[in-house]
Ligand SMILES: [Zn+2]
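Numbering (this note's numbering), first residue to last: 3 to 326.
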C-alpha cells in the first residue's frame, strides 16, 4: 500500500508521508474512475508565471495558474493557502441558524414532550451522544420521519439514493474526508453539471464549499435516510478510489515546501488545493499510461496534441495534510 506514491513526496524534517489509502498493488496509475481536472491543462510554457514581478514562462500548473520554478510554485502555494483559509472560514460563517431538532420532532407530532425530556436527561447524564441517537434508542422513531425532521432543521431536501453510480462517484471525495465529515458524493446531474453531496444527520457547509472549488461545479446538499446512507457508503467502499496519501507537516510552511516538491514531478499535469476544516486537500492529475480511460475530451485540445503532451490519460491522486 505505501509503495503507491513512493518517490513523489519529499521526505524530510518538515513533512513526510504517514499513511496511504489505496487498493493493494496500486501503482498510482490504475485508477478506474472518472473525474475532470479543474480545467484543461495546457502545455508548459503556454502561460507566464503568475508570481508578481516574475515574467518567466510557466512550467508547473497549479490552481489554474502557472509557476516557472519551485520557488515561484511555493509562493503560489502560500498565497492559495491564505485564500483557502479565508474561503473556508467564510463558508463556516454561513451555517444556517437551526431550530432544535427536538422542537421540530414535537411540532411534527413524531415525539411528545415527555419523550424529548427523557432523551435529553439520558444525554445529559451520560454526557455524550447525539439527541437523535438517544431518541432512536428510547422511542419508536420511523426513519423517514426522522430524516424529514432533519431536512426541516437544516433546510435541505431529502435525497433518494436512486440508481447510484458508485464507480463514477468514488473519485469526488477522498475516503478520509467522506468518513471524517459524514459526507458522500451521490450523483452528477444536469447541464451544466451539478454535484450532489449527501449527509446522514447534518449539513457541512465548509465541506460543500471545498468540493465546489475542487471540482469547479455547483454543489447541492441534502440528507439521506440512515439505511440509504449506509447503502451508498457500502457501494463506495467496493470501488477503486484515486490513490490518497496523508502528508504530515509540522507547519504550514513545511506543508507548502513538501507540496511544491510534489508538484514538480514531471508526471503532474495540473493540480488544485482546497482547505476544509483545517485539512488541506491537494489533488494532482498525473499523466497515466493506460489507454482505457478518458476525461471527456477536456484535455484533447490542440495545444496539448501539438506539444505531444497528452499521450495517455490523466489520473487523479489525492494528498491530505493537517499542519499543526
Ligand atoms: Zn516565476
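The C-beta atom is built at its ideal place from N, Cα and C for all residues, glycine as well.
Exposed or buried, what is residue i when buried is set at 16 or more other beta-carbons lying within 10 Å of its beta-carbon?
{"i": "residue 245", "result": "buried"}
{"i": "residue 189", "result": "buried"}
{"i": "residue 117", "result": "buried"}
{"i": "residue 139", "result": "exposed"}
{"i": "residue 229", "result": "exposed"}
{"i": "residue 202", "result": "buried"}
{"i": "residue 142", "result": "exposed"}
{"i": "residue 76", "result": "buried"}
{"i": "residue 126", "result": "exposed"}
{"i": "residue 290", "result": "buried"}
{"i": "residue 60", "result": "buried"}
Among the options, whose alpha-carbon lies nearest the alpha-carbon of residue i?
{"i": "residue 146", "options": "192, 133, 110, 52", "result": "110"}
{"i": "residue 200", "options": "285, 234, 215, 192", "result": "234"}
{"i": "residue 79", "options": "133, 53, 91, 90", "result": "53"}
{"i": "residue 219", "options": "204, 263, 192", "result": "192"}
{"i": "residue 74", "options": "262, 326, 323", "result": "262"}
{"i": "residue 107", "options": "323, 169, 151, 254", "result": "151"}
{"i": "residue 97", "options": "323, 133, 209", "result": "209"}
{"i": "residue 231", "options": "318, 166, 195", "result": "166"}
{"i": "residue 282", "options": "290, 269, 251", "result": "251"}
{"i": "residue 227", "options": "103, 156, 163", "result": "163"}
{"i": "residue 120", "options": "136, 130, 60, 286", "result": "136"}
{"i": "residue 89", "options": "155, 105, 213, 255", "result": "213"}
{"i": "residue 255", "options": "83, 60, 57", "result": "83"}
{"i": "residue 247", "options": "58, 285, 148", "result": "285"}
{"i": "residue 148", "options": "61, 257, 57, 225", "result": "225"}
{"i": "residue 194", "options": "221, 168, 187", "result": "221"}
Since residue i is in the alpha helix (DSSP H), which residue starts that stretch and which ends it?
{"i": "residue 333", "result": "No statement about residue 333 is possible, as the shown extent of the chain runs from 3 to 326 and does not include it."}
{"i": "residue 326", "result": "Note, residue 326: premise wrong, no alpha helix (DSSP H); not H, not E."}
{"i": "residue 239", "result": "228 to 239"}
{"i": "residue 201", "result": "Segment 196 to 201 is the beta strand (DSSP E) holding residue 201; no alpha helix (DSSP H) there."}
{"i": "residue 215", "result": "207 to 217"}
{"i": "residue 134", "result": "133 to 140"}
{"i": "residue 163", "result": "Looking at the DSSP string, residue 163 is not in any alpha helix (DSSP H), and its letter there is neither H nor E."}
{"i": "residue 100", "result": "Run containing residue 100: none; DSSP gives neither H nor E here."}
{"i": "residue 120", "result": "115 to 128"}
{"i": "residue 150", "result": "145 to 156"}
If I follow the unbroken beta strand (DSSP E) through residue i, where does it start and stop?
{"i": "residue 256", "result": "Segment 254 to 265 is the alpha helix (DSSP H) holding residue 256; no beta strand (DSSP E) there."}
{"i": "residue 63", "result": "62 to 64"}
{"i": "residue 69", "result": "67 to 69"}
{"i": "residue 250", "result": "245 to 251"}
{"i": "residue 277", "result": "270 to 278"}
{"i": "residue 185", "result": "185 to 191"}
{"i": "residue 220", "result": "220 to 225"}
{"i": "residue 288", "result": "281 to 289"}
How many Å lie between residue i and residue j at the Cα?
{"i": "residue 81", "j": "residue 66", "result": "13 Å"}
{"i": "residue 113", "j": "residue 101", "result": "16 Å"}
{"i": "residue 177", "j": "residue 249", "result": "15 Å"}
{"i": "residue 179", "j": "residue 115", "result": "37 Å"}
{"i": "residue 267", "j": "residue 63", "result": "11 Å"}
{"i": "residue 153", "j": "residue 93", "result": "20 Å"}
{"i": "residue 184", "j": "residue 161", "result": "15 Å"}
{"i": "residue 302", "j": "residue 316", "result": "Here the model assigns residue 302 a pLDDT of 36, short of 50, so the residue's position is not dependable, and the following value carries that caveat. When rounded, the distance between both Cα atoms is 11 Å."}
{"i": "residue 174", "j": "residue 288", "result": "16 Å"}
{"i": "residue 48", "j": "residue 322", "result": "29 Å"}
{"i": "residue 240", "j": "residue 271", "result": "28 Å"}
{"i": "residue 132", "j": "residue 122", "result": "9 Å"}
{"i": "residue 95", "j": "residue 134", "result": "24 Å"}
{"i": "residue 325", "j": "residue 274", "result": "17 Å"}
{"i": "residue 181", "j": "residue 319", "result": "18 Å"}
Roughly how far, in whole angstroms, is the beta-carbon of residue i from the beta-carbon of residue j, given that I think they are within contact range, below 8 Å?
{"i": "residue 277", "j": "residue 86", "result": "4 Å"}
{"i": "residue 217", "j": "residue 197", "result": "6 Å"}
{"i": "residue 158", "j": "residue 205", "result": "5 Å"}
Please output, in chain order, the residues near ligand 2 using a CB cut-off of less than 5 Å to any non-hydrogen atom of the ligand. Absence of ligand 2 from the depicted structure is noted, with ligand 1 being the only ligands included.
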